[in-house]
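If you count the sequence shown from 1, you need to add 87 to reach the numbering used here.
Beta carbons are placed, not taken as given, at the ideal position from N, Cα and C, and that holds for glycine.
Below is one structure; the comments refer to it alone.
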Amino acid sequence: MTFNLGSLFPKKPINEPHLELDDSRWAELEGGYRDSLYDASVPLSRLKNANTSVEVTAIYQVLWDELHHQGDVGLASYYAVPHMVSAAKSNQIIDYNVLGLVSLIEIQRHKNNPVIPPLLYPAYSMALNELASLAISIINNDWDLSTASAALTAIAIAKKQLKLANAIQNMDSEDVIDEFLESY
Numbered sequence: 088m089t090f091n092l093g094s095l096f097p098k099k100p101i102n103e104p105h106l107e108l109d110d111s112r113w114a115e116l117e118g119g120y121r122d123s124l125y126d127a128s129v130p131l132s133r134l135k136n137a138n139t140s141v142e143v144t145a146i147y148q149v150l151w152d153e154l155h156h157q158g159d160v161g162l163a164s165y166y167a168v169p170h171m172v173s174a175a176k177s178n179q180i181i182d183y184n185v186l187g188l189v190s191l192i193e194i195q196r197h198k199n200n201p202v203i204p205p206l207l208y209p210a211y212s213m214a215l216n217e218l219a220s221l222a223i224s225i226i227n228n229d230w231d232l233s234t235a236s237a238a239l240t241a242i243a244i245a246k247k248q249l250k251l252a253n254a255i256q257n258m259d260s261e262d263v264i265d266e267f268l269e270s271y
């Protein structure tokens with residue numbers, strides 16, 4: 088006979104308005120891989136202190152892999168959103184990574200993923216609105232297609248246009264756009 092210790096000692100749900108990056112509970116959260124814990128506080132701390140776009144891009148490569156996987160997101164993904172937006176705001180490195188990953192987390196949240204903790208929702212929602220403001224703040228920059236798609240997706244999310252945001256997010260290649268335009 089085997090015992091599942093998790094069923095004997097169930098985890099207490101985390102329902103906090105915010106998790107500081109030094110909070111040990113980050114280690115108890117699932118990221119983008121089901122049934123797999125991911126401590127996002129480590130790369131988020133590095134992101135907070137990053138000074139160059141090269142550093143930010145390297146950190147986001149990890150965050151893209153760990154906070155989202157094949158449509159799955161977890162509580163670590165949700166708690167990471169305000170930190171990612173805050174870091175972009177403070178270091179003024181606003182690109183496809185922050186716009187795209189935060190938008191993707193929000194789109195996937197409405198699918199077959201965990202419910203956002205109620206106490207986190209106000210800070211999370213505020214971060215989504217700030218994300219749209221960040222997108223607008225770089226309107227005069229040159230945008231490649233990925234940045235344009237991510238920025239427009241972020242704005243649509245802030246305006247509660249989730250289906251439109253999902254459609255725009257998927258318009259991130261010339262081939263997809265051409266295929267869409269041929270249909271209309």
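Quick one: what's got a C-beta closer than 8 Å to residue i's C-beta in the same chain, skipping five residues either side?
| i | result |
| --- | --- |
| Ala-137 | Val-143, Ile-146, Ala-174, Asn-178 and Ile-180 |
| Phe-96 | Low per-residue confidence applies at Phe-96: pLDDT is 47, beneath 50, and the placement is therefore not dependable enough to give any value. |
Can residue i and residue j be called in contact, C-beta distance under 8 Å?
| i | j | result |
| --- | --- | --- |
| Met-258 | Ser-233 | no |
| Leu-162 | Ile-101 | yes |
| Ala-210 | Leu-186 | no |
Please classify residue i as buried or exposed, where buried requires at least 16 other C-beta atoms within 10 Å of its C-beta.
| i | result |
| --- | --- |
| Leu-92 | Bear in mind that the predicted position of Leu-92 carries a pLDDT of just 46, short of 50, making it unreliable; the figure below should be weighed with that in mind. By the neighbour-count rule (16 or more Cβ atoms within 10 Å), Leu-92 is not buried but exposed. |
| Asn-253 | buried |
| Thr-139 | exposed |
| Asp-265 | exposed |
| Asp-182 | buried |
| Ile-226 | exposed |
| Ser-270 | exposed |
| Met-171 | buried |
Please go through the same chain and pick out, in chain order, the residues whose beta-carbon is closer than 6 Å to the beta-carbon of residue i, but skip the five residues on each side of it.
| i | result |
| --- | --- |
| Asp-109 | none |
Can you tell me the Cβ-Cβ gap for residue i and residue j, rounded? I've got them flagged as a contact below 8 Å.
| i | j | result |
| --- | --- | --- |
| Ser-123 | Glu-117 | 6 Å |
| Pro-104 | Leu-207 | 6 Å |
| Leu-106 | Tyr-166 | 5 Å |
Looking only at its chain, what residues have a beta carbon closer than 7 Å to the beta carbon of residue i, apart from the 5 residues adjacent to it on each side?
| i | result |
| --- | --- |
| Val-160 | Gly-119, Leu-154, Ile-192, Gln-195, Arg-196 and Asn-200 |
- Task: Say whether the segment 113–133 touches the segment 147–156, bearing in mind that this needs 3 or more beta-carbon pairs closer than 8 Å, one atom from each stretch.
- Result: Contact holds: three or more Cβ-Cβ distances are below 8 Å.
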